[in-house]
Structure formats: C-alpha cells, structure tokens
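In this text, residue positions in the sequence shown follow UniProt numbering: the first is 1, and each later residue adds one. Don't be surprised by glycine CBs; every beta carbon is placed ideally from N, CA and C.
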Amino acid sequence: MLDGKKSQVSRASTGSVPSPSKQRQVRLSDSLQAELVQRHRDGAFKKELARAYGIHVETVRAIITRANRCTSSN
C-alpha cells in the first residue's frame, strides 16, 4: 500500500465459508452461582468450574469476584 500498489488481499465468497453459529448464552441461577462460589472456596479451579457449568472462565471469575464483594461489604 505504501508504494502505491493495491492490496492483494481478497475476500472469500460468502458461499464457501460457513458462517459461525451464535454462541449459546448460559445464565446461572442465584443458587447455581452460590454453589459455584462454594465449590471454588472448597478448592475447585476456575477452569474446572467453567467446564462443569458450561460457562467461560472469565464468567466464573466475575461470579466469584461479585460474591466476594457482597460478603466483604456485609
């Protein structure tokens, strides 16, 4: 591009590349979140909990962080 030439990158036709499916959203109930937090306090790893509940590791981290904030403010 800098030397005045056009880019050689081309787009694949939409028929040849399958579109990605939408990610399924999983929302844990309050009781399942409490169970997850307790399992973590009992020694379960975040990655293990993520697999068990079908959620992302960062979601596990957020649930645990939120639970810790609630318990420390009481």
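In this structure, the beta-carbon distance from residue 49 to residue 39 falls below 8 Å. Look at residue 28 here: in three-state DSSP terms it is coil, with no helix or strand label.
Contact check for residue 63 and residue 37: beta-carbon distance about 7 Å, within the 8 Å limit, so the pair qualifies. Taking the CA atoms as reference points, residue 70 sits about 14 Å from residue 61.
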